[in-house]
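Asker: Residue numbers (the working numbering), protein chains in the order written: chain A, 96 to 361; chain B, 2 to 412. Where a beta carbon is used, it is the ideal one built from N, C-alpha and C, also for glycine. Pasting a structure here, questions to come.
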Amino acid sequence: MNRIAQRFQTLREAGQSAFIPFITGGDPSLAVSEDIAVALGEKGADVIEYGVPFSDPVGDGPVIQEASLRALKQGVTMRGILASVERIRKRSQTPLLLFTYYNPVFVHGVAAFARDVANAGADGVLCVDLPPDDAREYRDAMRAHGVSTVFLAAPTSPDKRLALIGEACDTFVYYISRLGVTGEKASLSEHLREAVVHVREKTAKPVAVGFGISTPEQARQVAEIAEGVVVGSAIVRVIAEAGGASDTTQRAAAFAAKLADAVKKA
Amino acid sequence: MNNSDISSTTREKHRWPDAQGRYGRYGGKYVPETLMYALDELEAAYRETAEDDAFQTQLADYQRHYVGRPTPLYSAKRLTEYLGGANVYFKREDLAHTGAHKINNALGQCLLAKRMGKPRVIAETGAGQHGVATATAAALLGLDCEIYMGSEDMERQRLNVFRMRLMGAKVVAVDSGSRTLKDAINEALRDWAANVERTHYVLGTVHGPHPFPMICRDFQAIIGRETRAQLFEAEGRLPDMMIACVGGGSNAIGLFFDFLGDESVRMIGVEAGGTKIAPGMHAARFSGGSLGMLQGAVSYVLQDESGLIGDTHSVSAGLDYASVGPEHAYCFEHKRIEYTSASDQEALDAFQLCGRLEGIIPALESAHAVAEVIKRAPDMAATDIIVMNMSGRGDKDVQHAARFIAPGEDS
């Protein structure tokens with residue numbers, strides 16, 4: 096069983112939700128991202144979403160767009176991210192999920208990509224702009240290498256699509272808690288609880304909720320209703336505000352620890 | 002001439018896209034999940050309108066009385082004489098309301114938005130013509146309108162920014178990435194994802210996720226249908242060659258589509274050669290691009306070996322884009338349409354020549370097509386016919402062009 100599936104099973108048995116922080120690989124540098132990834136694992140991350148920087152991140156708000164741009168300026172590419180995953184894997188056993196846009200995967204070659212992801216030691220891939228409808232070849236390739244495939248579900252997904260999405264995800268569904276792109280939000284939707292119940296029922300998979308969760312209090316609320324809590328922009332912002340200072344890793348880890356604590360207390 | 006000569010056989014011979022929005026291996030529907038439902042909803046609404054006489058009558062009425070269709074097919078005699086070869090015709094989309102072919106699609110899609118009950122439309126724009134067309138159709142139909150435009154393009158096309166604002170549209174400057182068309186599309190897609198329930202995205206070219214390439218092509222195909230009838234009236238036969246510039250590719254598909262089934266008609270798409278065919282200096286996807294997926298569709302893309310999208314350059318904002326419509330990629334692979342490029346300088350030369358000989362100042366985009374006419378016509382017989390799409394007028398470009406050329410001075 097791959098590490099992501101394993102972790103979700105362990106958490107289910109313990110009655111806990113997964114804390115899933117996101118960072119952009121290469122922001123502020125690959126070396127620091129690797130230190131942060133290792134630290135996140137130590138501070139209670141159950142799965143780390145490792146963002147692959149892309150030139151045209153249509154699914155992301157300004158915070159992650161800018162992080163992506165900073166990483167690209169350092170010359171970070173898909174190959175650089177795969178090498179980085181390999182180095183993280185030597186230091187940490189925390190499950191790793193690559194968060195990427197489809198074109199770098201497409202250009203790499205789907206079959207070769209699945210193989211290289213598995214060899215590097217990543218456990219899953221989420222392609223933001225690859226809906227399950229056209230992803231048969233991609234899923235088969237990932238599964239052949241034991242790599243988990245995660246797809247997005249949205250508030251606009253009708254039941255028929257939720258069923259398709261559930262079938263395409265092997266471990267959990269990533270539910271976008273609101274319309275729009277990634278980013279922080281002051282308050283969560285009042286209807287989130289019902290929405291998560293509905294998505295879980297229609298996809299028949301555990302649900303991780305992301306987009307807009309930025310504080311420990313919000314993380315705690317979401318952990319009460321969902322199997323996973325994704326926090327992206329808020330962590331990326333802490334890293335950005337550190338501006339590459341020597342305590343960047345410590346600051347990110349301290350914030351993540353508070354979030355992890357909130358998720359585990361729920 | 003009997004009627005069978007005049008009717009198009011394209012729909013029987015060219016049944017693309019398939020149900021998944023594919024043109025062979027190109028096209029498709031690659032967007033974040035939030036937008037998938039909106040695309041399905043759009044396709045369903047669009048297919049309904051195809052069979053709805055009231056909708057079609059309304060569209061035809063606006064095309065005639067508001068847009069001013071049919072646009073003329075003009076025999077460019079002085080240019081023909083100067084080039085000393087094929088007989089050159091211009092399809093005068095520059096005479097359509099707002100000054101370019103973009104209104105055909107913008108009007109169709111805004112009517113569609115209204116029918117779907119969406120009170121707000123958004124659009125991206127490069128040269129500003131699609132933005133102006135969308136702002137115009139939105140004003141006509143009483144829709145809220147917001148236009149995303151790269152700040153670099155706002156600088157190049159200040160006049161069009163003012164026009165959009167005059168018609169009540171909000172123009173949003175996009176400062177991310179290269180600050181041109183591609184980045185404006187990214188921002189429009191983000192807006193659409195956030196406001197999809199009450200907003201329709203009027204995508205301006207034959208690119209993007211299915212069904213946009215199909216819808217835009219169908220709304221633009223009126224250009225070719227009119228051309229067919231007009232040329233049969235003038236010459237009693239099909240053209241030998243058709244030429245159009247290709248950014249996303251909507252004016253080219255608009256002219257070519259009805260003739261794809263006519264094997265004797267050669268078709269040439271002209272991309273932006275920029276200053277040089279080298280990374281970052283042009284927008285000729287079929288010369289320097291490779292297979293990739295950008296902004297919803299698989300097609301040819303200017304990108305690096307890691308799949309990061311490359312910078313592009315063209316003197317013409319409307320051709321300055323890193324990918325090209327999937328149907329063009331399909332026609333390229335199957336050699337139905339030939340693709341070439343014209344450099345910035347060739348386009349600027351053609352821009353001036355056309356003004357001097359015909360009293361028509363083409364848009365810098367269309368000037369790329371004129372540049373190709375200048376290359377081709379002299380080698381053809383006087384009995385041959387070239388139809389070129391004069392896709393837009395150059396008024397919007399005079400300020401920008403004045404930086405590069407000094408009319409009346411020999412250079």
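Tell me the residue span of the beta strand (DSSP E) that contains A/Phe-114.
Answerer: Here the beta strand (DSSP E) through A/Phe-114 covers 113-119.
Asker: Counting along the chain, where does the beta strand (DSSP E) carrying B/Val-448 start and finish?
Answerer: No information on residue 448 of chain B is available, as it lies outside the stretch 2 to 412 that chain B covers here.
Asker: Would you mind reading off the limits of the alpha helix (DSSP H) that contains A/Gly-146?
Answerer: First-last for A/Gly-146: 143-146, but that is the beta strand (DSSP E), not the alpha helix (DSSP H).
Asker: Closer than 8 Å, Cβ to Cβ, to anything on chain B: give me those residues from the segment 247-276 of chain A, in chain order.
Answerer: Taking 8 Å as the Cβ-Cβ cut-off against chain B, the residues of the segment 247-276 of chain A that qualify are Leu-247, Ala-248, Ala-249, Pro-250, Thr-251, Ser-252, Pro-253, Arg-256, Ile-260, Ile-271, Leu-274, Gly-275 and Val-276.
Asker: Taking A/Val-127 as the reference, give the member of A/Gln-313, A/Tyr-145, A/Gly-241 and A/Arg-256 with the closest Cα.
Answerer: Considering only alpha carbons, the answer is A/Tyr-145.
Asker: Whose Cβ in chain A lies nearer than 8 Å to the Cβ of B/Val-197?
Answerer: Those within 8 Å of B/Val-197 in chain A are Thr-251 and Leu-274.
Asker: Buried or exposed: which applies to B/Ser-412, given that a residue is buried once 16 or more other Cβ atoms fall within 10 Å of its Cβ?
Answerer: Summary for B/Ser-412: the model assigns pLDDT 47, below 50, so the residue's position carries little reliability; its value from the coordinates is reported in the next sentence. Label assigned to B/Ser-412: exposed.
Asker: So which residues on chain A does B/Gly-118 lean against when the C-beta distance must stay under 8 Å?
Answerer: Within chain A, no residue comes near B/Gly-118; the closest Cβ sits about 16 Å away, beyond 8 Å.
Asker: At least one CB of chain A closer than 8 Å to the CB of B/Ile-310: is that the case?
Answerer: Chain A, which has a Cβ nearer than 8 Å to the Cβ of B/Ile-310, makes this yes.
Asker: According to a CB-to-CB cut-off of less than 7 Å, which residues of the segment 23-38 of chain B neighbour chain A?
Answerer: Hits within the stretch, in order: Gly-29, Lys-30, Tyr-31, Val-32, Pro-33, Glu-34, Thr-35, Met-37 and Tyr-38.
Asker: Would you grab the beta carbon distance between B/Ala-235 and B/Ser-392 for me? Rounded to a whole angstrom, and I think it's under 8 Å.
Answerer: That belief does not hold up - the Cβ atoms of B/Ala-235 and B/Ser-392 are roughly 20 Å apart, past 8 Å.
Asker: Bridge partners for B/Asp-145 per DSSP, in chain order?
Answerer: B/Asp-145 pairs with B/Arg-121.
Asker: Could you pull the DSSP bridge partners for A/His-240 from this structure?
Answerer: Paired residue(s): none; A/His-240 is not in a bridge.
Asker: With distances taken between CB atoms, is the gap from B/Phe-333 to B/Tyr-340 smaller than 8 Å?
Answerer: Yes. Within cutoff.
Asker: When the Cα atoms are used, what is the spatial distance from A/Ile-183 to A/Gly-216?
Answerer: Distance between the alpha carbons of A/Ile-183 and A/Gly-216: 9 Å.
Asker: Which residues of chain B have a Cβ atom closer than 7 Å to the Cβ of A/Gln-160, listed in chain order?
Answerer: The answer, in chain order, is Ser-177.
Asker: Determine the burial state of A/Arg-332: buried for a count of at least 16 other Cβ atoms within 10 Å of its Cβ, exposed for fewer.
Answerer: Its Cβ being crowded by 16 or more others within 10 Å, A/Arg-332 is buried.
Asker: So, helix, strand or coil for A/Phe-246, using DSSP?
Answerer: The answer is coil: DSSP assigns A/Phe-246 none of H, G, I, E or B.
Asker: If you measure from the beta carbon of B/Ala-174 to each beta carbon in chain A, is any gap under 8 Å?
Answerer: Closer than 8 Å: no.
Asker: Answer yes or no: does any C-beta atom of chain A fall closer than 8 Å to that of B/Arg-191?
Answerer: With 8 Å as the cut-off, B/Arg-191 counts as an interface residue toward chain A.
Asker: In three-state terms, what does DSSP make of A/Met-96?
Answerer: Three-state DSSP puts A/Met-96 in coil, outside helix and strand.
Asker: Within 10 angstroms of its Cβ, does B/Thr-99 collect 16 or more other Cβ (buried), or is it exposed?
Answerer: B/Thr-99 is buried by the Cβ-count criterion.
Asker: Can you tell me whether B/Val-299 is helix, strand or coil according to DSSP?
Answerer: Looking at B/Val-299 - three-state DSSP - the assignment turns out to be strand.
Asker: Rounded to a whole number of angstroms, what is the C-alpha to C-alpha distance between B/Met-2 and B/Ser-8?
Answerer: The predicted model places B/Met-2 with a pLDDT of 42, which falls under 50 and marks its position as unreliable, so this point remains unresolved.
Asker: What residue from B/Ile-338, B/His-211 and B/Glu-373 has the CA that sits closest to B/Tyr-27's CA?
Answerer: For B/Tyr-27, the nearest C-alpha among the options comes from B/His-211.
Asker: Could you tell me which of B/Glu-42, B/Lys-103 and B/Ala-189 sits nearest to B/Lys-119, measuring between CA atoms?
Answerer: Residue B/Glu-42 is the option with its Cα nearest to B/Lys-119.
Asker: What residue range is occupied by the uninterrupted alpha helix (DSSP H) comprising B/Ile-168?
Answerer: According to the sequence shown, residue 168 of chain B is Met rather than Ile. Where B/Met-168 is concerned, there is no enclosing alpha helix (DSSP H), given that its DSSP letter is neither H nor E.
Asker: Within 10 angstroms of the Cβ of B/Gly-225, are there 16 or more other Cβ atoms? Answer buried if so, exposed if not.
Answerer: Counting Cβ neighbours within 10 Å, B/Gly-225 comes out buried, since at least 16 surround it.
Asker: Given this structure, state the Cα-to-Cα distance separating B/Val-316 from B/Leu-365, to the nearest angstrom.
Answerer: Cα to Cα, the separation comes out at about 7 Å.
Asker: Using 8 Å as the limit for Cβ to Cβ distance, is B/Ser-307 near chain A?
Answerer: Yes, contact with chain A.
Asker: What whole-angstrom Cβ distance do B/Thr-35 and B/Val-197 have, given they're in contact under 8 Å?
Answerer: Indeed they touch by this definition, with Cβ atoms about 6 Å apart.
Asker: So with CB distances below 7 Å, who are the chain B contacts of A/Phe-208?
Answerer: Those within 7 Å of A/Phe-208 in chain B number zero; the least Cβ separation is about 10 Å.
Asker: Which of the residues in the segment 293-306 of chain B, read from start to end, lie with their CB under 9 Å from any CB of chain A?
Answerer: Those residues of the segment 293-306 of chain B that come within reach of chain A (Cβ to Cβ, closer than 9 Å) are Gly-293, Met-294, Leu-295, Gln-296, Gly-297, Val-299, Val-302, Gln-304, Asp-305 and Glu-306.
Asker: Determine the direct distance from the alpha carbon of B/Ile-104 to that of B/Thr-137, and round the result to whole angstroms.
Answerer: B/Thr-137 and B/Ile-104: Cα-Cα distance of roughly 8 Å.
Asker: So is A/Thr-119 in contact with chain B if we call contact Cβ pairs under 8 Å?
Answerer: Judged by the 8 Å Cβ criterion, A/Thr-119 is not in contact with chain B.
Asker: Have a look at A/Leu-225 and B/Met-150 and give me their C-alpha separation to the nearest angstrom.
Answerer: Distance between the alpha carbons of A/Leu-225 and B/Met-150 is about 26 Å.
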